[in-house]
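Student:
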Amino acid sequence: MPDAYSQVTTLDQSVLNVLINAMELRAADPLQREIRGAFLERVDFPEAARVLEAGCGSGAICRELARWPKVGETVGLDPSPAFLAKARKLAEGIPNLRFDEGDARSMPLGSLP
1173 MPDAYSQVTT LDQSVLNVLI NAMELRAADP LQREIRGAFL ERVDFPEAAR
1223 VLEAGCGSGA ICRELARWPK VGETVGLDPS PAFLAKARKL AEGIPNLRFD
1273 EGDARSMPLG SLP
């Protein structure tokens, strides 16, 4: 079975909805939140850091990053317009967060959008 995420731009909306719901449920899981928090606490972000999450999906981690101390701007990148539409809706009111459509596999290193 092929990886759904590697073909995300070709998936039926019903499949995309299932994936979006799964991403949000997983992101809200208390153990997952604890793991992410422990990881992020170890990152020494510079003041006003710009952070890129490649393959951001519905944006759950981006929303957390945008609220993290010292993070000035967070950019979520994903090839799926459906994922990005949901990410933008869930991120309304977070001023230092934006979502761009694109595939990280084709981005030159150092070209943060």
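All letters in the sequence shown, in the order written, are residues 1173 to 1285 by my numbering. Where a beta carbon is used, it is the ideal one built from N, C-alpha and C, also for glycine.
Do K1242 and E1213 come within 8 angstroms of each other at the CB atom, strictly closer than that value?
Tutor: It is not a contact, given that the beta carbons lie outside the stated cut-off.
Student: Please report how far the alpha carbon of L1237 lies from the alpha carbon of S1178, in whole angstroms.
Tutor: C-alpha separation (whole angstroms): 24 angstroms.
Student: Please report the residue range of the beta strand (DSSP E) in which G1244 lies.
Tutor: From DSSP, the beta strand (DSSP E) with G1244 extends over 1243-1250.
Student: Relative to the alpha-carbon of G1229, which residue among T1246, F1271, M1279 has its alpha-carbon at the smallest distance?
Tutor: Cα-wise, what sits closest to G1229 is F1271.
Student: Quick check on A1200: buried or exposed, where buried means 16 or more other Cβ atoms within 10 Å of its Cβ?
Tutor: Classification for A1200: exposed.
Student: Over the uninterrupted beta strand (DSSP E) stretch that includes A1238, give me the two end residues.
Tutor: Segment 1232-1238 is the alpha helix (DSSP H) holding A1238; no beta strand (DSSP E) there.
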